[in-house]
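Peer 1: Structure in structure tokens, see below.
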Amino acid sequence: MLNFAILLELTWITIKSPRKLLMNDENQSVREIINQRKMSFFQIQTVFICTVINMLDGFDVLVMSFAASSVASEWSLNPYDLGMLLSSGLLGMAIGSILLGPLADRIGRRKLVNTCLGIVTIGMFASAFCANNYQLLAFRFITGIGIGGMLATLTTLVSEYSNDTKRGLCIGFLQSGYPLGALLGGIASVYLISAYEWRSLFIFGGSLSLIMIPITYWKLPESLDFLLLENGPRYKSRIQDLLIRLGIDSPKSTSANTASEKNLSWSLLFSNGMKTNTIYLWICYFLLMFSFYFVVSWTPKLLVDAGLTTGQGISAGVYLQGGGLFGAICLGLLGSKFKVPNLTCVFFIFGISAMLFYGLADLSLISLMFVSAAMGFFLIGAMIGLYTIAPSIYPANVRVSGVGFAIGIGRIGAIVAPVAGGLILNSGYSNSEIFVIFAIPLSLAALAVYRIKLNASLN
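At position 386 of the sequence shown the residue is numbered 386 (our numbering), and the sequence of numbers has no breaks.
What follows is the structure, given as structure tokens:
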């Protein structure tokens with residue numbers, strides 16, 4: 001309902017806005033026009049398609065945690081082996097973000113999204129027919145590669161098709177698709193596992209991805225910033241077509257930004273102007289993903305071990321993602337009124353408090369669900385803050401590379417978290433103590449995000 005409400009708001013902005021463009025200067029760049037004008041229906045449609053893809057990713061990433069108890073029971077897996085299964089997809093995501101993400105700066109955002117969506121579809125279907133945990137490990141890794149390649153690209157594409165005033169809201173809308181997909185997928189998982197078995201979850205996810213492939217092929221546009229930076233003869237007709245669909249008369253200057261940007265390389269991420277921001281951003285992503293993916297990967301299993309049913313354990317994960325959906329929307333709305341780094345820092349602080357309370361307090365079943373939702377609200381809200389910050393500190397020609405590297409570093413933390421959780425549990429720590437341990441890194445992440453200075457290269 002929140003996603004639909006935001007879509008209505010963006011559509012109303014389009015209807016009530018005048019068609020007159022802000023073209024006071026005939027040399028005004030296309031990027032400046034997009035930043036200053038009201039969003040068109042075409043832009044809103046692009047954001048919506050990216051959000052639907054992100055919903056599928058949300059389920060595809062967390063499907064292993066929903067199936068964890070059933071898989072462990074069928075194959076008699078110990079916590080370490082299960083942790084490896086939970087981490088394999090995240091390892092693929094890290095590699096996909098770092099290696100495939102930057103390809104979008106060379107071959108285009110749209111082409112990479114379509115390719116990665118095909119990889120995810122194959123990986124999900126293949127996972128359903130695995131005979132042992134080693135085969136499942138391999139196909140979860142392949143699925144993760146496809147998801148990782150899409151994450152940075154979708155975030156960048158939405159940033160580039162958003163204007164200044166609604167960019168935070170649009171990224172919040174995009175990233176809310178991730179917990180919404182996990183939430184709806186978790187609800188479906190409760191029914192599918194009880195009616196069939198864990199393999200049906202992967203068939204379900206693969207089928208949804210397969211349906212999405214023709215939609216993205218025909219409806220998802222290429223990044224205008226990418227085409228303008230290339231600006232070769234073969235792209236001129238595509239640029240003109242996109243300008244028409246955006247309702248923009250061709251300006252005298254058809255550059256995304258300055259002409260010198262095209263010659264910049266990914267080493268710009270560590271130039272004097274961006275080195276500090278890049279380091280702080282990587283710290284934030286790593287530590288947040290480390291703590292968050294412990295929570296989403298192990299919470300259902302830990303609750304089942306504590307005496308809850310499998311359905312109740314999955315329900316806690318659903319509440320966590322449901323809270324995250326509200327947190328994503330909340331940060332997106334507040335981001336237009338407050339500085340996003342400061343706002344993200346506040347979300348980190350409350351996320352730490354929720355994790356400590358979850359681990360230390362003696363909670364009833366209802367209270368467990370409520371605190372699960374609170375953890376999701378603040379942790380996923382903080383994640384949306386990072387996704388909003390990342391594209392705003394890099395120029396167009398290394399934007400996907402910058403966001404992709406940051407997400408990849410975060411995925412390394414996500415990879416380590418489930419395995420670390422399994423090792424810590426094997427060492428004899430209690431469920432209460434392990435939540436306290438994984439809350440500590442968030443304190444450092446809060447300090448790091450507070451130090452980030454926005455360069456607003458999209459603005």
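From the three backbone atoms N, C-alpha and C, an ideal C-beta is built for every residue, glycine too.
Tell me, to the nearest whole angstrom, how far the beta carbon of G146 is from that of V52; I am working on the premise that it is less than 8 Å.
Peer 2: Contact doesn't hold; Cβ gap of about 16 Å is too wide.
Peer 1: For A104, collect the residues of the same chain with a Cβ closer than 6 Å to its Cβ; drop the 5 residues on either side in sequence, then sort them by chain order.
Peer 2: Around A104: L112, T153 and V400.
Peer 1: At which residues does the alpha helix (DSSP H) containing N132 begin and terminate?
Peer 2: Note, N132: premise wrong, no alpha helix (DSSP H); not H, not E.
Peer 1: Out of M64, R37, V30 and I213, which has the shortest C-alpha to C-alpha gap to S297?
Peer 2: Comparing Cα-Cα distances from S297 to each of M64, R37, V30 and I213, the minimum goes to M64.
Peer 1: Mind checking T258: buried by the 16 CB within 10 Å criterion, or exposed?
Peer 2: Because T258 sits at a pLDDT of 43, beneath the cut-off of 50, its placement in the model cannot be relied upon, and the following sentence gives the value as read from the coordinates. When all chains shown are included, T258 counts as exposed.
Peer 1: Name the two residues that bound the continuous alpha helix (DSSP H) containing V398.
Peer 2: That residue, V398, is in no alpha helix (DSSP H); it is neither H nor E in DSSP.
Peer 1: Could you check what DSSP says for E160 in three-state terms: helix, strand or coil?
Peer 2: Three-state DSSP puts E160 in a helix.
Peer 1: Along the alpha helix (DSSP H) that carries W218, what are the first and last residues, could you check?
Peer 2: R199 to K219 is the extent of the alpha helix (DSSP H) around W218.
Peer 1: In angstroms, rounded to a whole number, what distance separates the CA positions of Y358 and L201?
Peer 2: Taking the straight line joining both Cα atoms gives about 28 Å.
Peer 1: My output table needs one value for Y196: the three-state DSSP class, helix, strand or coil.
Peer 2: DSSP places Y196 in coil when its eight states are reduced to three.
Peer 1: So N277 and Y450 are in contact, right, with Cβ under 8 Å, and what is the actual spacing, rounded?
Peer 2: With 8 Å as the limit, N277 and Y450 do not qualify as a contact, their Cβ atoms being about 12 Å apart.
Peer 1: If you check the beta carbons only, do A417 and Y285 fall under 9 Å apart?
Peer 2: Against a cut-off of 9 Å, the Cβ pair of Y285 and A417 comes out as no contact.
Peer 1: Whole angstroms is fine: what's the gap from L368's alpha carbon to S29's?
Peer 2: Straight-line Cα distance between these residues: approximately 52 Å.
Peer 1: Ordered along the chain, which non-local residues of its own chain (more than five positions away) have a Cβ less than 6 Å from that of A439?
Peer 2: If we look at A439 and ignore the five residues flanking it on each side, its Cβ neighbours are I352, M355 and L356.
Peer 1: Measure from the alpha carbon of E160 to the alpha carbon of each residue in I452, A406, N133 and I393, then state which is nearest.
Peer 2: The option with the nearest alpha carbon to E160 is I393.
Peer 1: Let's test the definition: count the other Cβ atoms within 10 Å of the Cβ of Y280 and tell me whether it reaches 16, buried, or not, exposed.
Peer 2: Y280 is buried by the Cβ-count criterion.
Peer 1: Taking the straight line between their C-alpha atoms, what separation do you get for S471 and A188?
Peer 2: What the structure shows of the chain is the stretch from 1 to 459, and residue 471 is not part of that stretch, so it cannot be assessed.
Peer 1: Measure the Cβ-Cβ separation of I216 and I380 and say whether it is below 9 Å.
Peer 2: In the sequence under discussion, the amino acid at residue 216 is Thr, which differs from the Ile named in the question. Taking 9 Å as the Cβ cut-off, T216 and I380 do not qualify as a contacting pair.
Peer 1: Does the stretch 204–211 come close enough to the stretch 315–328 that 3 or more CB-CB pairs lie under 8 Å?
Peer 2: The stretch 315–328, when compared against the stretch 204–211, does not touch it at the 8 Å Cβ threshold.
Peer 1: Does DSSP put L22 in a helix, in a strand, or in coil?
Peer 2: Low confidence applies to L22: its pLDDT is 35, below 50, so where it sits in the model is not reliable, and the reading given next is rough at best. DSSP places L22 in coil when its eight states are reduced to three.
Peer 1: Do you know offhand how far G118's Cα is from S162's?
Peer 2: One C-alpha to the other measures close to 26 Å.
Peer 1: Taking the alpha-carbon positions, what's the E345 to G332 distance?
Peer 2: It is Cys, not Glu, that sits at residue 345 in the sequence shown. Rounded to whole angstroms, C345 to G332 spans 14 Å at the Cα level.
Peer 1: Determine contact between the stretch 137–146 and the stretch 75–88, defined as no fewer than three beta-carbon pairs at a distance below 8 Å.
Peer 2: Contact holds: three or more Cβ-Cβ distances are below 8 Å.
Peer 1: Compare the beta carbon distance of N431 and P79 with 9 Å and say whether it is the shorter of the two.
Peer 2: The answer is no: Cβ separation not under 9 Å.
Peer 1: Does Q175 pass the burial test, meaning 16 or more other C-beta atoms within 10 Å, or should it be called exposed?
Peer 2: It is buried - the Cβ of Q175 has at least 16 other Cβ atoms within 10 Å.
Peer 1: Tell me, to the nearest whole angstrom, how far the beta carbon of G148 is from that of I95; I am working on the premise that it is less than 8 Å.
Peer 2: G148 to I95, Cβ: 6 Å. Contact.
Peer 1: Could you check if Q240 is buried or exposed, using at least 16 other CB atoms within 10 Å of its CB as the buried criterion?
Peer 2: When all chains shown are included, Q240 counts as exposed.
Peer 1: Quick one: residues in its chain with C-beta nearer than 6 Å to the C-beta of L444, no 5 flanking neighbours on either side, listed in chain order?
Peer 2: The residues are L287.
Peer 1: Specify the secondary structure class of S291 as computed by DSSP and reduced to three states.
Peer 2: It is helical.
Peer 1: Using the C-alpha atoms, what's the distance from A414 back to F270?
Peer 2: Their backbone Cα atoms lie some 24 Å apart in a straight line.
Peer 1: Could you pull out every residue in the same chain whose Cβ sits closer than 6 Å to the Cβ of L169, ignoring the five residues on either side in sequence?
Peer 2: Once the five neighbours on either side are set aside, the close Cβ partners of L169 are G332.
Peer 1: Mind pulling the alpha helix (DSSP H) runs of 4 or more residues that sit fully within the stretch 333–375?
Peer 2: Counting whole runs of 4 or more residues, the stretch 333–375 contains the alpha helix (DSSP H) stretches 340–360.
Peer 1: Under the assumption that V419 contacts G83 (Cβ atoms under 8 Å), give the Cβ distance between them as a whole number of angstroms.
Peer 2: Right, their Cβ atoms sit about 4 Å apart.
Peer 1: Please list the terminal residues of the continuous alpha helix (DSSP H) segment that includes M55.
Peer 2: From DSSP, the alpha helix (DSSP H) with M55 extends over F41 to W75.
Peer 1: Once DSSP output is grouped into helix, strand and coil, what is the label at I248?
Peer 2: In the structure shown, I248 sits in coil (DSSP, three-state: anything other than H, G, I, E or B).
Peer 1: I437 and L151: beta carbons closer than 9 Å?
Peer 2: No. Outside cutoff.
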